[in-house]
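Encoded as structure tokens, the structure appears first; notes follow it.
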Amino acid sequence: MSETAVTKGKLAIYWAASCGGCEISLLGIDTKILDVAEAFDVVFCPCIADGKVRDMEKMQDGEIDVCLFNGGIRTSEQEYMARLMRKKSKVLIAFGSCASEGCIPGLGNLHNRDAIFEDSYQETASTDNPDRVRPQAATRVDEGTLHLPVFYDTLKTLDQTVPVDYYLPGCPPESPRIWEAIEAIVAGKLPPAGSVIGEHTTVCDSCPRTRDEKKIKAFKRTWEVIPDEETCLLEQGLVCCGPATRAGCGALCPAVNSPCIGCYGPNEGVEDYGARLMSALASVIDSEDPEEIDQIIEQGIPDPVGTFYRFSLAASYLRRSKQAVADGNGSSAAAADVR
Amino acid sequence: MAEKVGVYVCHCGSNIAGKVDVEDVAKWAGEKVKDVAVSRDYKFMCSSLGQKLVEDDIREQGLTRVVVAACSPHLHEKTFRRACSNAGLNPYLMEMTNIREHCSWVHKDRAAATEKARSLVSASIERVKFQEPLEPMFVDVNRATLVIGGGIAGLQATLELADAGYPVYLVERQPSIGGHMAQFDKTFPTLDCSACILTPKMSEVGQHENVTLLTYAELEEVSGSVGNFKVRIRQKARHVVFDDCTGCGICVEKCPRKVLDTEFEAGMGNRKAIYMPFPQAVPRVPVIDTESCIWFERQKCRACEKLCPTNAIDFDQEDEMIEIEVGNIIMATGWDAFDTRKIPQYGYGRLANVYTSLEFERLCNAAGPTNGKIVLRDGKTEPKSVAIVHCVGSRDERHNPYCSGICCMASLKLGHLVLEKTDAEVYSFYIDMRTNQKNYEEFYQRLLGEGMRFVRGKVAEVTDAARKPSEQGKLIVQCEDTLVGRQQRFPVDMVILMGAIEPQVDAREMGLKCGISCSMEGWYTERHPKLDPVATMTDGIFVAGACQGPKDIPASVAQGAAAAARVAGMITKGKVMIEPIVASIDEEGCSGCRICNNLCPYNAIEYDAEAKVSRVITALCKGCGTCVSACPAGAIRGAHFSDRQIFAEIQGALWDAWQPRGGASEEAEAVPVSAP
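Residue numbers (the numbering used here), protein chains in the order written: chain A, 1283 to 1621; chain B, -18 to 657.
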């Protein structure tokens, strides 16, 4: 056994409430995955290789060097796994938007368990469920009791569940950024604990469009206009989230004439992404007349939460719809929401 | 490292202690709030002994933060910052909690007020821990001053500064300086000829080497801040080339178009379409009133142009923008007269021989339309009786609740002039006689002696509807004589309405341009009503004269001089401290999105197109925070108002509701998922 083999680290990759895109992006580092394999033993990655929870449970605490954890926490199983991986890992990284800020699954926080189940198991066009069957945490059958994870009212981010060491933003994190992070881990050149591993500026920094002072008379939706390819999309009335979104993607969306939707999350030091972006856009609406301003907003931004909190609702100060909690039966989840 | 916070709760005599249990608040902070090393209450924290408490504790106990719970920071923030400084603690590590204006003065319930005081003190304690040491900045003070308004207050301020050797720009919107004082015949109580004492000052200003006089000009825009203002002034087109005009007056003489002069003559006389408001006008350069000039009306005439010996007439002249830089600005924009038509029962505009006080001033002015002869509107009949009605639009809740201050004395003066020039009887209808300045009461006594008759009561109506033969052809003043306790009717020939002194119609707008505020009525708000009457809340902007509140001539002159002294002090010092509470942009975080670029009300943000970042010009920044909240990248930081400080403050205010962040949710512990 060579020297390097002896000092080889242990890497785990786990997914919770997520889509699998993070793993695809991880594999997008291409042949460099071999370098990863050289530096680490991948001890656990259910997405690409067989692995058992009980093997994890048997490991020593802190035995895993780095765990890349993607996905938010929606079920009791995911919460258990978050705690388990936290315990077994020296460094726990919230990998991607879901783990960091809730991402699209976090928009479920506008509703509650019952409403989500109603949609998923009743209302969708392809569903035929005359008996109104719903998933149950425990179901008695002849052979005994079957268990399913409990589905929570509220989706939580990883750090609302367990302490997190680092964050890697993006939906998904871009492969080159993942590679840079891995290099930093291998070289031991990580920023102070609690940091986001990423740039400290916003998407505009990598966007080549020309920018001027902003005065917006009307917000437009993407299907309404074919934007000019040279000038700032925001100046053309499109709600481009670039000014508020952490750089790292290389301004991929604006490069193909489409506004940034904010998947890389807030810039360094920003507490609430949506509030920041709203405040910025409100500042450049070109009107002093309250009625006209209302009209500009109502017509141009029909879905404010989906526009400003598409990726960050679960991590924001809003966190979730209090009304939906009051309507549903998730009282304990609601209690846990009070900071 | 934990901070050591000192908390000082002031009784303010009984001002705070009367409604807030200050001892309890101090005791509570000392015992229950984390990181509080010392907590005291004291009778008067602002006294030198109170300040010494703070200083000694900083030195002896090694305090790293100070909270003073007392009055408004407007009053004593400087005091306690200085105390901290004296003891070697950075002054910006002190926070004031306003438990007087925010607690004791506005609440009745002692227990609730005390509870609120606790909350506010807790908020300050949490906030102050995150405050950072800041260093004040100094900028040079431009030696030039802008005075806005060429009335007596503005003239006085101008001369004081110019005589001291400092350059002054004097901007006046009328064609001549002089203001309302130039319209008056005599001044009370000395009965000096108004013009005789005013015009020397006017010509001195007109000829002063240190004064740049800009008449017929309007303030357009002010940017910058104390020490370094940039001002844009609109020089309205006179249609007379200023430098070519010799002031010979031929153009005025030959102009065929006569119009009613509603400004200087208050509608009592006429002027030409090209005119100087009055013979002693400064500068002696006429203006063409384009609304009445025949050339502008139908492209005919040009008499003035043909006859001007120096070819100074220029019909094509346009408004011009003048940019100047000054260190300080004195607002001396004066007052407007109340529109007496708003009280229809007094008959002004309907009954010919009802006059406003300004009309009457012109009537008895030797240089006025009747050469000083007091006659009725028919131009020949001398009145046999004159009624002077006080408080027209003043001390009246339907119009202006305040007392205009000068009308009692002006009434006495006008009464004296009537008695002096005619054989008429004079009645004064007053609510209260207010003659409380030097030699004013004596003047009142003099008029009592001269036979002016005083009726105490508010006039109900002025009418020409006679009830008996003796009232035929007269104006009847209906009034309850409250000393006699009887309704009475006074038939007179002439009625003078002493209209209220009101703020200029555009006072609020002008104030906004300079960044100063107005009272509800529209008077400019001084920094402190008693102790800082000519400064405003905006550094470098001063107010003088009637624009700050109704004032007579001596008071206006005194304020003009006082404002000039304040400005001279600033210039002599040469440098002005700028609060380090300003915004700054982290250039790494700024992606040059330019959202902040057109938001700054002080034009303190510039965009560097090469580096593709925006920058704050520190000397111009007032720390308002507009850009800080707008920056989508969070790259702009407002010193002294960081997110962390504000969140800590909120958390502190909600100390009784606050609970530390919980880790585990109950559900997860209840439902282990992996079976063994």
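In this text, a Cβ means the ideal position worked out from N, Cα and C, and glycines have one as well. Since we're looking at a predicted model, the values are computed, not measured.
With respect to the beta strand (DSSP E) encompassing residue i, which residues constitute its N-terminal and C-terminal limits?
i: K688(B); result: Missing from the structure shown is residue 688(B); chain B here goes from -18 to 657 and no further.
i: Y672(B); result: Chain B is shown from -18 up to 657; residue 672(B) falls before or after that span and cannot be answered.
i: A368(B); result: 366 to 373
i: H1429(A); result: 1426 to 1429
i: G205(B); result: 198 to 206
i: W9(B); result: Careful: W9(B) lies outside any beta strand (DSSP E), inside the alpha helix (DSSP H) at 3 to 13.
If we ignore side chains and look at the alpha-carbon of each, how far apart do residue i and residue j end up?
i: M481(B); j: G530(B); result: Sequence check: residue 481(B) is Ala here, not Met. Between A481(B) and G530(B), the C-alpha separation is close to 12 Å.
i: G159(B); j: S105(B); result: 52 Å
i: N1411(A); j: R1422(A); result: 20 Å
i: P1548(A); j: G615(B); result: 9 Å
i: E378(B); j: V486(B); result: 19 Å
i: N309(B); j: M390(B); result: 34 Å
i: K59(B); j: Y73(B); result: 10 Å
i: K1496(A); j: L580(B); result: 9 Å
i: I497(B); j: Y383(B); result: 21 Å
i: C1514(A); j: G130(B); result: 46 Å
i: F410(B); j: K439(B); result: 7 Å
i: E1580(A); j: L1516(A); result: 17 Å
i: D297(B); j: T271(B); result: 11 Å
i: C1542(A); j: A1529(A); result: 11 Å
i: K402(B); j: M551(B); result: 49 Å
i: H1482(A); j: L1374(A); result: 21 Å
i: P450(B); j: A318(B); result: 36 Å
i: E569(B); j: I617(B); result: 11 Å
i: W1297(A); j: A94(B); result: 53 Å
Return no unless some Cβ of chain A is closer than 8 Å to the Cβ of residue i.
i: R489(B); result: no
i: L580(B); result: yes
i: S667(B); result: This structure cannot speak to residue 667(B), because chain B is shown only from -18 to 657.
i: S105(B); result: no
i: E569(B); result: yes
i: C52(B); result: no
i: I617(B); result: no
i: S610(B); result: yes
Tell me the residue span of the alpha helix (DSSP H) that contains residue i.
i: N67(B); result: 54 to 67
i: K182(B); result: 175 to 188
i: I275(B); result: 275 to 279
i: L601(B); result: Neither: L601(B) is in no alpha helix (DSSP H) and is coded neither H nor E.
i: W504(B); result: Unbroken run through W504(B): none, as it is neither H nor E.
i: F424(B); result: 421 to 431
With a threshold of 16 other CB atoms inside 10 Å of the CB of residue i, please say whether the residue is buried or exposed.
i: W316(B); result: buried
i: T1357(A); result: buried
i: P1387(A); result: buried
i: T78(B); result: buried
i: G1470(A); result: exposed
i: C177(B); result: exposed
i: H397(B); result: buried
i: V465(B); result: exposed
i: P364(B); result: buried
i: E12(B); result: exposed
i: N417(B); result: exposed
i: E1405(A); result: exposed
i: G688(B); result: No information on residue 688(B) is available, as it lies outside the stretch -18 to 657 that chain B covers here.
i: N251(B); result: exposed
i: N352(B); result: exposed
Do we get a CB-CB distance below 8 Å when we pair residue i with the residues of chain B?
i: A1526(A); result: yes
i: E1495(A); result: yes
i: D1487(A); result: yes
i: H1482(A); result: yes
i: A1294(A); result: no
Using only the heavy atoms of the ligand ATP, determine whether one of them is closer than 7 Å to the beta carbon of residue i.
i: I255(B); result: Although the ligand ATP was asked about, the structure shown includes no ligands whatsoever.
**Report entry** Residues within the region 1317 to 1338 of chain A neighbouring chain B, beta-carbon criterion of under 8 Å
**Finding:** V1335, R1336
Which residues, in chain order, does the region 1549 to 1572 of chain A contribute to contact with chain B at a C-beta distance below 7 Å? N1549, E1550, G1551, V1552, E1553, R1558, L1559, S1561, A1562, S1565, V1566
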